[in-house]
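Have a look at the structure below, then the notes.
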Amino acid sequence: MATRKTAAKPATKPAAKPNVSKDDLLHYYREMLLIRRFEEKAGQLYGMGLIGGFCHLYIGQEAVVVGLEAAAEDGDKRVTSYRDHGHMLACGMDPKGVMAELTGREGGYSKGKGGSMHMFSKEKHFYGGHGIVAAQVPIGAGLAFADKYLGNDRVTFTYFGDGAANQGQVYETYNMAELWDLPVVFVIENNQYAMGTSTKRSTKSPSYWERGAAYGIPGEEVDGMDVLAVKAAGEKAVAHCRSGKGPYILEIKTYRYRGHSMSDPAKYRTREEVQEMREKRDAIEHVRTMLLDGKHASEDDLKAIDKEIKEIVNEAAEFSKESPEPALEELYTDIYADVLPQGEAV
Amino acid sequence: MATEILMPALSPTMEEGTLAKWLVKEGDTVSSGDIMAEIETDKATMEFEAVDEGIVGKILIAEGTEGVKVNTPIAVLVEEGEDADAAPAPAAAPAEAAPAASEAAPAAPKAPVESADVSEPDIPEGTEMTTTTVREALRDAMAEEMRRDETVFLMGEEVAEYQGAYKISQGLMDEFTARRVIDTPITEHGFAGIGVGAAFGGLRPIVEFMTFNFAMQAMDQIVNSAAKTLYMSGGQMGCPIVFRGPNGAAARVGAQHSQDYAAWFMQIPGLKVVMPYSASDAKGLLKSAIRDPNPVIFLENEIMYGRSFEVPKLDDYTVPFGKARIWREGEDVTIVSFGIGMQYALAAADELAKEGVSAEVIDLRTLRPMDTATVIRSIQKTNRCVTVEEGFPQGSVGNYISSVIMQEAFDYLDAPVINCTGKDVPMPYAANLEKLALVTTKEVIDAVNAVTYR
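This is the structure we're talking about:
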């Protein structure tokens, strides 16, 4: 899966004309496409009754995680909400293990005991997958606290939505993160709808990143449909954190094409609004156009990538159906640990 | 007219203190707001100000006197030309705020039974003991574990520079620096979550709640994040964290500051719940809690902080979880309690012994895991059981113990189990009502009399 190859650079203004290599563009294209195809497949499996409960798809928001992962280094941490499939794929977790968790099977990341909203990977430094809106925000600051305490030169990406941005614990966390100069990037994925409530109907202070100013945290708004803009902003934020200056806020303007969850009829917005975003602002189309226009790839090259991604996703789906349900004994395991599973601090 | 100056109560639970230093001498003129003396409580040294103006006519308690009871006259303030010795005889020290309902005189005593105190099971024979308060025992436990493991740190409100709101962390910042003893803003939800994240990230946080009443603001992080992650991650990610602080009623602090949460936390799979009574258990169990790879709720009690017990002088004294301690062996009834409830249980057992009733007293020490096996074994012998706790009656710890006994030892029971609990009311402020709301020794004795059909 993805390897992190982009080192953090000192903060610079994103160039008007993106200076990006062919390989990087192809990498972003592949990563975003994987998330989209994976999510489409998850939607299908949900329709077939193979995935149950809540299932929150990331379709439309792919450029956010892919852009930020491009700004991350090995050992950096990430934590997010329940709309987490994209984050797991982008940080290199195995699509098979993610899909099998969605179907509640033994081969899933949590042995089928976590489900769509609760997955973890110590190996990939992915700390969940949290089902309670905004609970991951202080947890992310806590991960950054641990790195600072231990003298690790690492940064934690703490993702949350515009809905979570109205929770009190976010501001408790801002206050302490800045007070203690914690190396945490607060990433507000503003997809404009907290379930069915638009930002207009939930706040008169819709510029979420500016709220950080009350605590002394710098930040900025970022076009979340442009993976290069996200990456550039991510690099700036990471450089700020890694240099010991404390937290940074990125409010990334994005859009989810699907409902809040699979059972959301999305009556709170018009079909036209969604259609317009898809046609004019789609993040994958954006990279696709850059690849073709820049003669970095031909239609055939991209078709080959599409085919390859489809195969990965189909394999994951097959695995998620074939993997057995967890053994009944699993009901009573993993409630208490005898030894710390993630090991002691390093 | 001469005015008596009385020893002040400087905290809700202060009963006596040391008159550390007089800052005035006889003959000095003072006006209201002048600092007259320094008074040392078990928590802090505080300055004591004059509230009236006048001349210090006589100092009644010399500086350096320890154990001066609250409301004892410590000095007399006179007006110009007045003679301190001519002051009216000091009024009798104010009576108890309200006389307690008189404890019913025990029925005609039977032959007293031998008290059968049992030595602590976790301490080797012949170990040297030191008299230690629960407060010091908790501090020592944290200090020892922080010396042992660099990843252990303490965070909470007023834990560092202030040395702890209840002085539990006294001296820790000096030894371990502000890097490891961290003052937080007043933000329980936030710092509980930061603690959980730090535990995921490889540290072993001790999160102090100034009282567990304030942990309600952090309940989501404790229950949803700390307790469930191991399970939700299929065993990949544990949360080694201790949430500790005083729990239950203190004294005269009203409904929002006087609640026992033992039964709440005990309900949650994934949490371990500890509620020690003695100082040695407080120390040994806290050390075990800090080493445990799981989230531990460690419920202390403000009233117990100043109580002294014998603590073993051992380099590394730990007490395992899930092992009850039998404080007294007995034949006629089993009294099961934990935490501060133990003081009622033991006092009742003393009284009952005088009446010829032999009570076995069990301290559960940890509520999750709970050593119900020891309780069941005891009931197989005594056939009767009374539980004692300060929490509310509905859904109490005693209710759970009763159900376990019913399922596992029904045929051994000669009487229904009685749960002695706090009353089913928010804690009132008035002294007399507060007393009524709490469980009492008399209620435990009455319950024992009921289950023994006396």
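Which chain is which? The protein sequence lines are X and Z, in order.
Sequential numbering of the first sequence, starting at -1, is according to the numbering used here.
Sequential numbering of the second sequence, starting at 13, is according to the numbering used here.
Each residue gets a CB set at the ideal place from its N, CA and C atoms; glycine is no exception.
Everything numeric in this text was worked out from a predicted model, so none of it was measured.
- In angstroms with no decimal places, state the Cα-to-Cα distance between A119 of chain Z and V125 of chain Z. Confidence in A119 of chain Z is poor, its pLDDT being 47 and thus under 50, which makes the residue's placement too unreliable to answer from.
- Message: Can you give me the C-alpha to C-alpha distance between K240 of chain Z and A49 of chain Z, rounded to a whole angstrom?
- Response: C-alpha separation (whole angstroms): 52 Å.
- Message: List, in chain order, every chain Z residue whose beta-carbon is nearer than 8 Å to that of Q340 of chain X.
- Response: Annotation: Cβ neighbours of Q340 of chain X in chain Z (cutoff 8 Å, chain order): F212, G214, Q248, M249 and G250.
- Query: How many angstroms separate the CA atom of Y330 of chain X from the CA atom of V286 of chain Z?
  - Reply: The alpha-carbon atoms of Y330 of chain X and V286 of chain Z are separated by roughly 22 Å.
- Task: Any chance you could list the alpha helix (DSSP H) runs of at least 4 consecutive residues sitting entirely within the stretch 216 to 249 of chain X, in chain order?
- Result: The stretch 216 to 249 of chain X contains these whole alpha helix (DSSP H) runs: 225 to 238.
- Message: By the DSSP assignment, the beta strand (DSSP E) with G127 of chain X in it spans what residues?
- Response: Secondary structure note for G127 of chain X: its beta strand (DSSP E) is the uninterrupted segment F124 to G127.
- Any idea if A314 of chain X is buried or exposed, counting beta-carbon neighbours within 10 angstroms, 16 or more meaning buried? Only buried fits A314 of chain X, as 16 or more other CB atoms lie within 10 angstroms of its CB.
- Query: In terms of residue numbering, what span does the beta strand (DSSP E) encompassing V398 of chain Z cover?
  - Reply: Run containing V398 of chain Z: C397 to V400, per the beta strand (DSSP E) assignment.
- Message: DSSP three-state label for R380 of chain Z, please.
- Response: In the structure shown, R380 of chain Z sits in a strand (DSSP, three-state: E or B).
- Message: For a contact defined as C-beta to C-beta under 9 Å, what are the partners of A230 of chain X on chain Z?
- Response: Under a criterion of Cβ atoms nearer than 9 Å, no residue of chain Z is adjacent to A230 of chain X; the nearest Cβ is some 27 Å distant.
- Item | Pairwise C-alpha distance: A371 of chain Z and A365 of chain Z | Rounded to the nearest angstrom, the gap between the Cα atoms of A365 of chain Z and A371 of chain Z is 7 Å.
- Inter-residue CB distance, F333 of chain Z and S300 of chain Z (contact presumed, cutoff 8 Å): F333 of chain Z to S300 of chain Z, Cβ: 6 Å. Contact.
- Query: Does any CB atom of chain Z fall closer than 8 Å to the CB of P93 of chain X?
  - Reply: Interface with chain Z (8 Å Cβ-Cβ cutoff): P93 of chain X is excluded.
- Tell me, please, which residues DSSP counts as bridged to P85 of chain Z. Looking at the DSSP assignment, P85 of chain Z forms a beta bridge with Z:L18.
- Mark I198 of chain Z as exposed unless 16 or more other C-beta atoms lie within 10 angstroms of its C-beta, in which case mark it buried. Result: exposed.
- Take every Cβ of the stretch 187 to 205 of chain Z, pair it with every Cβ of the stretch 113 to 120 of chain X, and state whether three or more of those distances are shorter than 8 Å. Put simply, the stretch 187 to 205 of chain Z does not touch the stretch 113 to 120 of chain X. Fewer than three CB pairs are less than 8 Å apart.
- When the cut-off is 8 Å and only beta carbons count, does P305 of chain Z lie next to chain X? Residue contact with chain X for P305 of chain Z: present (Cβ-Cβ distance below 8 Å to some residue of chain X).
- Curious, which full-length alpha helix (DSSP H) runs of at least 4 residues does the stretch 325 to 411 of chain Z contain? Fully contained in the stretch 325 to 411 of chain Z are the following alpha helix (DSSP H) runs of length 4 or more, in chain order: 353 to 366 and 384 to 394.
- Does the beta carbon of A0 of chain X sit closer than 8 Å to a beta carbon anywhere in chain Z? Residue confidence for A0 of chain X is low, a pLDDT of 43 falling below 50, so the modelled location carries little weight; the figure read from the coordinates is stated next. It does not; no Cβ of chain Z falls within 8 Å.
- Query: Would you say R216 of chain Z and I302 of chain Z are within 8 Å of each other, going by their C-beta atoms?
  - Reply: A Cβ-Cβ contact shorter than 8 Å links R216 of chain Z with I302 of chain Z.
- Query: Would you report the Cα separation of A132 of chain X and M223 of chain X, rounded to the nearest angstrom?
  - Reply: Those two C-alpha atoms are separated by around 23 Å.
- Item | Where V460 of chain Z sits in the DSSP three-state scheme | DSSP places V460 of chain Z in helix when its eight states are reduced to three.
- Message: Which same chain residues end up closer than 8 Å to Y174 of chain Z when comparing Cβ atoms and leaving out the 5 residues on each side of it in sequence?
- Response: Excluding sequence neighbours, Y174 of chain Z sits near D195.
- Kindly identify the DSSP beta-bridge partner or partners of F60 of chain Z. Bridge pairing for F60 of chain Z: Z:A49 [DSSP].
- CB contact check: A103 of chain Z to chain X, cutoff 8 Å: Unreliable placement is indicated for A103 of chain Z, whose pLDDT of 48 sits below 50; no coordinate value is reported for it.
- Which value, in whole angstroms, describes the spacing of the CA atoms of V369 of chain Z and A177 of chain Z? Roughly 42 Å between the two C-alpha positions.
- Task: Quick one: which residues of the stretch 314 to 340 of chain X get their C-beta closer than 9 Å to a C-beta of chain Z? List them in chain order.
- Result: Here the close residues are P324, E328, T331, D332, I333, Y334, A335, D336, V337, L338, P339 and Q340.
- When DSSP labels each residue in this structure, what does M278 of chain Z get in the three-state scheme? In the displayed model, M278 of chain Z falls within a helix according to three-state DSSP.
- Query: So with Cβ pairs under 8 Å, would you call F188 of chain Z a contact of chain X?
  - Reply: Residue-level contact by beta carbon fails for F188 of chain Z and chain X, as no gap is shorter than 8 Å.
- Between K202 of chain X and N173 of chain X, what straight-line distance do the alpha-carbon atoms span, to the nearest angstrom? Their Cα atoms are separated by approximately 21 Å.
- Could you tell me the boundaries of the beta strand (DSSP E) in which G29 of chain Z lies? DSSP places G29 of chain Z inside the beta strand (DSSP E), whose first and last residues are E28 to W34.
- Item | Beta-carbon proximity of V183 of chain X to V153 of chain X, cut-off 8 Å | V183 of chain X is a Cβ neighbour of V153 of chain X, given a cutoff of 8 Å.
- Query: Can you name the residues that DSSP bridges to E191 of chain X?
  - Reply: Just to set this straight, residue 191 of chain X is Tyr in the shown sequence, not Glu. The partner list for Y191 of chain X (beta bridge, DSSP) reads X:S196.
- Cα-Cα separation, G112 of chain X to V272 of chain X: Distance between the alpha carbons of G112 of chain X and V272 of chain X is about 31 Å.
- Task: Consider the Cβ of L35 of chain Z: report whether some Cβ of chain X lies at a distance smaller than 8 Å.
- Result: Residue-level contact check: L35 of chain Z does not touch chain X, since none of the beta carbons of chain X fall below 8 Å from its beta carbon.
- At least three beta-carbon pairs within less than 8 Å, the stretch 31 to 47 of chain X to the stretch 55 to 68 of chain X: Touching, yes, given that three or more Cβ pairs across the two stretches are closer than 8 Å.
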